[in-house]
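Each step along the sequence shown adds one to the number in the numbering used here, with nothing skipped, and position 267 is 624.
A virtual CB, placed ideally from N, CA and C, is assigned to each residue, including glycine.
Some notes on the structure that comes next.
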Amino acid sequence: METHIHYNSCPACKSTSIKEVLTAKDYTVSNEIFAVWECGTCSFRFTQDVPNAAAIAPYYQSDAYVSHSDTQEGLVNRLYHVVRRYTLKGKCSLIQKFTGLQKGSLLDIGAGTGAFAHTMQLAGWKITALEPDENARKIALNKYQLQLQSSENIYDLPSNQFDAITMWHVLEHVHDLHGYLEKFSGILKQNGTVFIAVPNYTCYDAKSYQQYWAAYDVPRHLYHFSPKSMELLAAAKGFAVKAFKPMWFDSFYVAMLSEQYKNGKNNLLKAFFIGAITTLQSLMNAKKSSSIVYVLKKA
358 METHIHYNSC PACKSTSIKE VLTAKDYTVS NEIFAVWECG TCSFRFTQDV
408 PNAAAIAPYY QSDAYVSHSD TQEGLVNRLY HVVRRYTLKG KCSLIQKFTG
458 LQKGSLLDIG AGTGAFAHTM QLAGWKITAL EPDENARKIA LNKYQLQLQS
508 SENIYDLPSN QFDAITMWHV LEHVHDLHGY LEKFSGILKQ NGTVFIAVPN
558 YTCYDAKSYQ QYWAAYDVPR HLYHFSPKSM ELLAAAKGFA VKAFKPMWFD
608 SFYVAMLSEQ YKNGKNNLLK AFFIGAITTL QSLMNAKKSS SIVYVLKKA
């Protein structure tokens, strides 16, 4: 049985104008090399010959994979947790601003160990949270008493149910890219809002680190988005991008990991310098951020 996916056309727009642009290493689990290809039509990038949904699980089995393990081992992961406490409040404020609601119903997809879902629950929101990793679901239950559901449950959710749908660094992991986006239109209320955060390969830190850029994170990241490709994909599914919001700390976190991948050690000064350039650029134009939150409404 075939365990990998070879694309002969763009997974986003189906154009056959695709070519390899770089190769990247899996530094987290396997040390395998994967090719990253780009679509000449919509600028979407994707990991070629990626493990299919049935074969991808072993690539997530690492204590270093912080969103599933909640590990605080190592400097980068400790900093991740410090920053997360701050960004959780920011995400809550962002949702309240663009939904126009102080409380409502929210679907969080790829909930990890439940920190964000817990934050929104404390703010008074009715939460449905999905997470594919069983270990992460157990941590969420033990730590926050949150009963996360398996990701497959998305297809069984009823129509017209949610004021907000959130995916924080999750869409790049989802094999059924089109199925998810099409499902959103049905389960979202008419004036509902979708918040999708993904890395942006057109940012300065990505260009600086090239194949060592940690946010390629092959093969777990199946796709690599540009602002143009996200706008075109959203439009094809009946959504309009209403706002682009930077994730301010991502450039520093990604730069620290990228330095480690490139040079085998943490060069905090250089990582801070590269992260700062990205941050300064994104102050002038959110589309230059290392990671972008795309705020979508039904068109």
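Q: Have a look at C370 and T398 and give me their C-alpha separation to the nearest angstrom.
A: Their backbone Cα atoms lie some 8 Å apart in a straight line.
* Check the C-beta distance from V575 over to T360 and give it rounded, since I have them as a contact under 8 Å. => Rounded, the Cβ-Cβ distance is 16 Å, inconsistent with contact.
When you compare the CB positions of S647 and A554, do they come within less than 7 Å of one another, or not? Contact: no.
Which listed residue (S565, M587 and M477) has its alpha carbon closest to that of K599 | Nearest to K599 by C-alpha distance, out of S565, M587 and M477, is M587.
Secondary structure at H361, three-state DSSP: helix, strand or coil?
Correct three-state label for H361: strand.
Note to self: Buried or exposed, going by whether 16 or more other CB atoms sit within 10 Å of the CB of H363?
What the structure shows: Classification for H363: exposed.
### Task
Within its chain, find whatever has a CB closer than 7 Å to the CB of V531; leave out the 5 residues flanking it on each side and keep chain order.
Within the same chain, Y537 come within 7 Å of V531 by CB-CB distance, once the 5 residues on both sides are set aside.
key: Contact under 7 Å by Cβ, I452 with L487   = No; because the gap between Cβ atoms is not below 7 Å, this pair is not in contact.
Note down the Cα distance separating N499 from P515, rounded to an integer number of angstroms.
Inter-residue distance for N499 and P515 is about 28 Å (C-alpha atoms, whole angstroms).
Span separating the alpha-carbon of F596 from that of P368: Near 18 Å, if we compare the C-alpha coordinates of P368 and F596.
message = Below 8 Å, how does it come out for the segment 471-486 and the segment 539-556: are there three or more Cβ pairs, yes or no?
response = No: fewer than three Cβ pairs fall under 8 Å.
Using the Cβ count rule (16 or more neighbours within 10 Å means buried), how would you classify L640? Using a 10 angstroms sphere on the CB of L640, the tally of other CB atoms stays under 16, which defines it as exposed.
Checklist entry - To the nearest angstrom, how far is it from the Cα of A497 to the Cα of T523? => result A497 and T523: Cα-Cα distance of roughly 17 Å.
Point to revise | Selection from D533, H475 and T385 that minimises the alpha carbon distance to A572 | key: That would be T385, whose Cα lies nearest to the Cα of A572.
task = Pull up the CB-CB distance for F455 and Y580, whole angstroms please, since I reckon it's below 8 Å.
result = With a contact defined as Cβ atoms closer than 8 Å, F455 and Y580 miss out at about 24 Å.
* Compute the Euclidean distance between the alpha carbons of G621 and V551, then round it to the nearest angstrom. => Their Cα atoms are separated by approximately 38 Å.
For the segment 425-504, list the alpha helix (DSSP H) runs that are entirely contained and at least 4 residues long, ordered along the chain. Runs found: 432-456, 472-479 and 491-501.
Could you give the residue range of the beta strand (DSSP E) that holds I553?
Where I553 is concerned, the enclosing beta strand (DSSP E) stretches over L545 to P556.
Checklist entry - Out of curiosity, what's the CA-to-CA distance linking S426 and T470? => result Reliability fails at S426, whose pLDDT of 47 lies under 50, so the model's placement of it is uncertain and the value that follows must be treated cautiously. If I take the Cα positions, the gap works out to 8 Å.
Subject >> Unbroken alpha helix (DSSP H) run spanning I634, endpoints >> reply: Residues L625 to M641.
I'd like to check one pair, T636 with S615: are the Cβ atoms closer than 7 Å?
Judged by their CB atoms, S615 and T636 are not nearer to each other than the 7 Å cut-off.
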